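Peer 1: Residue numbers (our numbering), protein chains in the order written: chain A, 56 to 125; chain B, 216 to 464. Positions of the beta carbon are idealized from the N, C-alpha and C atoms, including for glycine. A quick note: this is a predicted structure, and the numbers were derived from the prediction, not measured.
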């Protein structure tokens, strides 16, 4: 099953709760970029590994994450 | 592609002011999702506390009322009695509910007020800078207990769920946590049940949510989740402490 995750990165506070709960471990903190709030937001490069389980979205305190699944 | 998770309509577009990784945001989402799923956003009234969640009135997408410190259950009592068809809830922290507002919480339960209390317990005063709360663990450091809470001097942490479960007017009392996706989903089912029992008119309902305070605990958000499991769970065990629907059956 393939999933697709979108981040509203300007709302991200870089708390890494999503990084901690992601089963395939594909979410990481982008330390080369700073968002409008002044935090390093999270990012996914290997989206093809996403299963669309939405663990990240459930744990995100700031409703940054939208998850889609085929 | 179908959307499997998106921001609930139960919350407004306002950006939360909470510290990074604070689980207040998760609990807000669960309450918002519950109100949306029960289709009661149009007739829900929330009462905001004093403390970290004081701006909750900007975040929930329903009518909101701010209360004086600890008085949210008293204000909710008035709202529910005037508008009995509405769904009324309070959202309170441990400093608000278990310290200054303990009388209002206990007496609302005693009167069997048909409201739902969301009690967010993170064992410390967050907004004011990490002072000792009634729920602070023995040995836990706080700005007003720099050597850790000494039970001989300050007493031991108060367990609100166990205490309120002894009151006849309480219909549903449960303690949950939000440290993993599974426990978050469990917490949501519990919050939903509490609202359903309120709508059924069975009495006072409270869900205590073990929460984190990474800033004042001096831990990262992820370390804080582990801290809840290792240190808070033995003192504040999860479970249903009162459920009148089970007792009647």
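What are the boundary residues of the alpha helix (DSSP H) that residue 369(B) is part of?
Peer 2: For the purposes of this step, residue 369(B) is identified with residue 154 of the second chain, where counting begins at 1. Where residue 369(B) is concerned, the enclosing alpha helix (DSSP H) stretches over 366-369.
Peer 1: Given this structure, state the Cα-to-Cα distance separating residue 358(B) from residue 68(A), to the nearest angstrom.
Peer 2: Position 143 of the second chain, counted from the start, is the residue given in the question as residue 358(B). Position 13 of the first chain, counted from the start, is the residue given in the question as residue 68(A). Between residue 358(B) and residue 68(A), the C-alpha separation is close to 26 Å.
Peer 1: What is the rounded straight-line gap between the Cα of residue 415(B) and the Cα of residue 377(B)?
Peer 2: What you label residue 415(B) is simply residue 200 of the second chain in a count that begins at 1. What you label residue 377(B) is simply residue 162 of the second chain in a count that begins at 1. Cα to Cα, residue 415(B) sits roughly 23 Å from residue 377(B).
Peer 1: Check the C-beta distance from residue 259(B) over to residue 277(B) and give it rounded, since I have them as a contact under 8 Å.
Peer 2: Locating residue 259(B) in the second chain gives position 44, counting from the first residue. Locating residue 277(B) in the second chain gives position 62, counting from the first residue. That belief holds up - the Cβ atoms of residue 259(B) and residue 277(B) are roughly 4 Å apart, short of 8 Å.
Peer 1: Determine the chain A residues that contact residue 230(B) at a beta-carbon separation under 7 Å, and present them in chain order.
Peer 2: In the second chain, the residue the question calls residue 230(B) occupies position 15. Going along chain A in sequence order, the residues near residue 230(B) (Cβ under 7 Å) are 66.
Peer 1: Which residues share a DSSP beta bridge with residue 374(B)?
Peer 2: Along the second chain, one-based indexing puts residue 374(B) at 159. None, per the DSSP bridge assignment.
Peer 1: Mind checking residue 454(B): buried by the 16 CB within 10 Å criterion, or exposed?
Peer 2: The residue given as residue 454(B) occupies position 239 in the second chain. Classification for residue 454(B): exposed.
Peer 1: Chain B beta carbons: is any one of them nearer than 9 Å to that of residue 83(A)?
Peer 2: Stepping through the first chain from its first residue, residue 83(A) is reached at position 28. For residue 83(A), the answer is no, since every Cβ of chain B falls outside 9 Å of its Cβ.
Peer 1: Using a cut-off of 7 Å between C-beta atoms, extract the partners of residue 221(B) located in chain A.
Peer 2: Position 6 of the second chain, counted from the first residue, corresponds to residue 221(B). Ordered by position in chain A, the residues that pass the 7 Å Cβ test against residue 221(B) are 121.
Peer 1: Per DSSP, what kind of secondary structure is residue 336(B) in: helix, strand or coil?
Peer 2: One-based indexing of the second chain puts residue 336(B) at position 121. Here residue 336(B) sits in strand by DSSP.
Peer 1: Just how far apart, CA to CA, sit residue 248(B) and residue 282(B)?
Peer 2: Numbered from its first residue, the second chain carries residue 248(B) at position 33. Numbered from its first residue, the second chain carries residue 282(B) at position 67. Near 23 Å, if we compare the C-alpha coordinates of residue 282(B) and residue 248(B).
Peer 1: Any C-beta of chain B sitting closer than 9 Å to the C-beta of residue 125(A)?
Peer 2: As a working note, residue 125(A) is residue 70 in the first chain. It does; some Cβ of chain B falls within 9 Å.
Peer 1: Along the stretch 90-113 of chain A, where does the CB come closer than 9 Å to a CB of chain B? Name the residues.
Peer 2: Of all residues in the stretch 90-113 of chain A, 92, 94, 107, 108, 109, 110, 111, 112 and 113 have a Cβ within less than 9 Å of some Cβ in chain B.
Peer 1: Contact check, residue 220(B) vs residue 109(A) under 8 Å by CB: the rounded distance?
Peer 2: The residue labelled residue 220(B) in the question sits at position 5 within the second chain. The residue labelled residue 109(A) in the question sits at position 54 within the first chain. Yes, residue 220(B) and residue 109(A) are in contact; Cβ-Cβ is about 4 Å, under 8 Å.
Peer 1: Taking the straight line between their C-alpha atoms, what separation do you get for residue 407(B) and residue 254(B)?
Peer 2: For the purposes of this step, residue 407(B) is taken as residue 192 along the second chain, with counting starting at 1. For the purposes of this step, residue 254(B) is taken as residue 39 along the second chain, with counting starting at 1. Distance between the alpha carbons of residue 407(B) and residue 254(B): 12 Å.
Peer 1: Could you please give the first and the last residue of the uninterrupted alpha helix (DSSP H) stretch that includes residue 292(B)?
Peer 2: Sequence index remark: in the second chain, residue 292(B) carries index 77 (1-based). Counting along the chain, the alpha helix (DSSP H) containing residue 292(B) begins and ends at 287-297.
Peer 1: Identify which residue in 105(A), 124(A), 125(A) and 92(A) has its Cα closest to the Cα of residue 76(A).
Peer 2: Within the first chain, residue 76(A) is the residue found at index 21, counting from 1. That would be 105(A), whose Cα lies nearest to the Cα of residue 76(A).
Peer 1: What are the partner residues of residue 456(B), as DSSP defines its beta bridges?
Peer 2: For the purposes of this step, residue 456(B) is taken as residue 241 along the second chain, with counting starting at 1. According to DSSP, which records beta bridges pairwise, residue 456(B) is partnered with nothing at all.
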